[in-house]
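S.K.: Once you've had a glance at the structure underneath, I'll fire off some questions.
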Amino acid sequence: MARSYEIDMCSGPLLPKVLRFSVPLMLSGVLQLLFNAADIIVVGQFTGSQAMAAVGSTGSLNNLIINIFLGLSIGSSVLMARYYGAKEEQNIHELVHTSVLLSLISGIILIILGTVLARPLLSLMGTPFDVIDQAVLYMRIIFLGMPAMLTYDFGAGILRAIGDTRRPLAYLFTAGIINVCLNLFFVIGFGLGVAGVAIATIISQYTSAALVLRCLMKAEAAYHLSLKELSLNRSKLRQILRIGLPAGIQGAVFSISNVLIQSSINSFGSVAVAGNTAASNIEGFVYTAMNSLYQASTSFTSQNVGARNTKRIVPILLCCLGVVLTVGIVLGGAAVFFGTELLGIYSSDPEVIAYGLQRLHVVCLTYFLCGMMDTACGSIRGLGYSIAPTLVSLTGACGLRIVWIYTLFRMDHTLFNLYLSYPVSWAVTFTAHIVCFVIFYRAWRDRTAERHQLSRAALHSSH
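For any residue, its number in our numbering is found by taking its place in the sequence shown, counting from 1, and adding 34.
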């Protein structure tokens, strides 16, 4: 029964399997975004633009704190795909139990960090005085849901590594419906404002976490989860940290550059913050669709590394790049074409919509570059290299943006100039990732061929 959910990534035509893997992931990402989008839409329509700005102003800061731990789930997923491709059942068993316990521990740490750091960091970012109290309240409540969020991400990562993207989608759909209904219930029914949407979000997160844990506990396969066997296997923990920690640091530093950009946007006032928040949410739907190809390139590459299928690695990257280019151009163009109508869902304020359109016209039209950058990075991580893509991303994307803010943006203090830093950094980093992929692929291919020859020689000599 479990096999019906899995995908054989190591043989057969690539495109149909990449689409079968990616489409449910795209839908899952859209549903996950609805958690935050529903928050912003409900408070924007029923509480006001200040409450909407309060929710939106926490996004980049939340990501800064969370991303290191989310990176660990990437490490877990990469290892799961490799062990699954190599059919190493004992390693799969140890990895599942280490990953779930690590997610719970990480979530508790995040509760403490979010509670303590919310106000000082939001103040440091220059969050407008008329929204900071609501932003602090929203952030502190949201962080109470971190154990659930990480448990779902680690658990869903395990399922996706074996090709199962359908059940995580079903769990998110259930949680998303609960979130939207509770948003309306708490905000309209009880007038709780930002606190109401935050409470609704964490309830939905605990729902999705419970469902994914139940799935793993009922599985009749090597990835079966037994709560009594939860433990941190030192070897597996080291490997998760080796792959996941650089990915998490990359995400955190990316968030630092985004925090600097958010701080720069804050200088234009709360209406500009509200417009940027609405546009960022629309972009999020495009990004999450493209990000499914990052996950596909990572999982497909990692399974084939485990199976030592050297000839399949480059076609995987090319296939994923082709799909992500198409998705980015189509969805990014649609977001711009229907920009006014989409922004109107978040706010009826013409000034908020005007600010949102400024961002959409620069970022969404070039968003395919971001998707291609991430997909190339995913293939490198699938090969087992994590530090190199992190260093490339930190230099090419984060470093360039920070330099841009303190040089070009200071000379031309406009939102257009600020947003232009995104596509420039994506293009530079994508080019660097491709160069790294070629180098690392050739090194891995040569090592694999050498091991194969040694194995054949040993077998021949034994006869």
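Glycine included, every Cβ here is placed at the ideal spot set by N, Cα and C. Just so you know, these numbers come straight off a predicted model, no measurement behind them.
Can you tell me whether DSSP reads LYS121 as helix, strand or coil?
M.R.: DSSP places LYS121 in coil when its eight states are reduced to three.
S.K.: So, for GLN239: in the same chain, excluding its five sequence neighbours on each side, which residues have a beta-carbon less than 6 Å away from its beta-carbon?
M.R.: Excluding sequence neighbours, GLN239 sits near GLY179, ALA182 and MET183.
S.K.: Could you name the residues of the same chain whose beta carbon sits closer than 7 Å to that of ASP42, not counting the 5 residues immediately before and after it, in chain order?
M.R.: Answer for ASP42: no residue qualifies.
S.K.: Applying the criterion that 16 or more other CB atoms from any shown protein chain within 10 Å of the CB defines a buried residue, is TYR328 buried or exposed?
M.R.: Flag for TYR328 reads buried.
S.K.: Could you pull out every residue in the same chain whose Cβ sits closer than 8 Å to the Cβ of MET35, ignoring the five residues on either side in sequence?
M.R.: With a pLDDT of only 38 at MET35, under 50, the local geometry of the prediction cannot be trusted, and no value is derived from it.
S.K.: Looking at the unbroken alpha helix (DSSP H) that takes in HIS395, where does it start and where does it end?
M.R.: Note, HIS395: alpha helix (DSSP H), 384-397.
S.K.: Assuming the contact rule is C-beta atoms closer than 8 Å, CYS44 and ALA466 should be a hit. Round their C-beta distance to whole Å, please.
M.R.: With 8 Å as the limit, CYS44 and ALA466 do not qualify as a contact, their Cβ atoms being about 29 Å apart.
S.K.: Closer than 6 Å by C-beta to GLY430: which residues in its own chain qualify, once you throw out the five before and the five after it? Chain order, please.
M.R.: These residues qualify, in order along the chain: VAL462, THR463 and ALA466.
S.K.: Just verifying my parser: in three-state terms, what is the DSSP assignment at ARG342?
M.R.: DSSP places ARG342 in coil when its eight states are reduced to three.
S.K.: Quick one: using the 10 Å Cβ neighbour count with 16 as the cut-off for buried, is VAL339 buried or exposed?
M.R.: Classification of VAL339: buried, given that the 10 Å Cβ count is 16 or more.
S.K.: Could you say which of GLU40, ALA243, GLN84 and PHE288 lies nearest to LEU425 if we only look at CA atoms?
M.R.: Out of GLU40, ALA243, GLN84 and PHE288, PHE288 has the C-alpha closest to the C-alpha of LEU425.
S.K.: Hey, could you find the ends of the alpha helix (DSSP H) MET173 is sitting in?
M.R.: Per DSSP, MET173 belongs to the alpha helix (DSSP H) from 166-176.
S.K.: How close, in whole Å, do the beta carbons of ILE347 and TYR475 come, if the pair is a contact with beta carbons under 8 Å?
M.R.: Indeed they touch by this definition, with Cβ atoms about 6 Å apart.
S.K.: Tell me the rounded alpha-carbon separation between ALA85 and GLN168.
M.R.: In a straight line, the C-alpha of ALA85 is about 7 Å away from that of GLN168.
S.K.: By Cβ distance below 6 Å, which residues in the same chain neighbour GLY416 in space, the five residues on each side in sequence not counted?
M.R.: Taken in chain order, the residues that qualify are THR332, THR335 and SER336.
S.K.: Taking just the CA atoms, how far does ALA244 sit from LYS262?
M.R.: Computed Cα separation, rounded: 16 Å.
S.K.: So, helix, strand or coil for PHE443, using DSSP?
M.R.: Three-state result, PHE443: helix.
S.K.: I need the DSSP call for TYR240, collapsed to helix, strand or coil.
M.R.: Note: TYR240 maps to helix in three-state DSSP.
S.K.: Which class does CYS44 belong to by DSSP, given the choice of helix, strand or coil?
M.R.: Of the three classes helix, strand and coil, the one that applies to CYS44 here is coil, per DSSP.
S.K.: If you draw a straight line from the C-alpha of THR344 to the C-alpha of LEU48, how long is it?
M.R.: Taking the straight line joining both Cα atoms gives about 14 Å.
S.K.: If we call anything under 8 Å between Cβ atoms a contact, is LEU279 one with VAL134?
M.R.: In this structure, VAL134 does not lie closer than 8 Å to LEU279 by Cβ.
S.K.: Secondary structure at LEU275, three-state DSSP: helix, strand or coil?
M.R.: Of the three classes helix, strand and coil, the one that applies to LEU275 here is helix, per DSSP.
S.K.: How big is the Cα-Cα spacing for ASN97 and PHE103?
M.R.: Rounded to the nearest angstrom, the two C-alpha atoms are 10 Å apart.
S.K.: Which residue wins for smallest C-alpha separation from TYR172, given the options THR92, LYS121, CYS215 and THR161?
M.R.: That would be THR92, whose Cα lies nearest to the Cα of TYR172.
S.K.: Suppose you measure from the CA of GLY210 to the CA of LEU193; what does that come to, to the nearest Å?
M.R.: C-alpha separation (whole angstroms): 19 Å.
S.K.: Does DSSP put LYS51 in a helix, a strand or coil?
M.R.: The answer is helix: DSSP assigns LYS51 an H, G or I state.
S.K.: Three-state secondary structure (DSSP) at TYR453?
M.R.: The answer is helix: DSSP assigns TYR453 an H, G or I state.
S.K.: Determine contact between the segment 388-396 and the segment 362-378, defined as no fewer than three beta-carbon pairs at a distance below 8 Å.
M.R.: In short, these stretches touch, since the Cβ pair count reaches three.
S.K.: To the nearest angstrom, how far is it from the Cα of GLY46 to the Cα of ILE350?
M.R.: So the alpha carbons of these two residues sit roughly 12 Å apart.
S.K.: Do you know how far the Cα of CYS470 is from the Cα of GLN296?
M.R.: Computed Cα separation, rounded: 31 Å.
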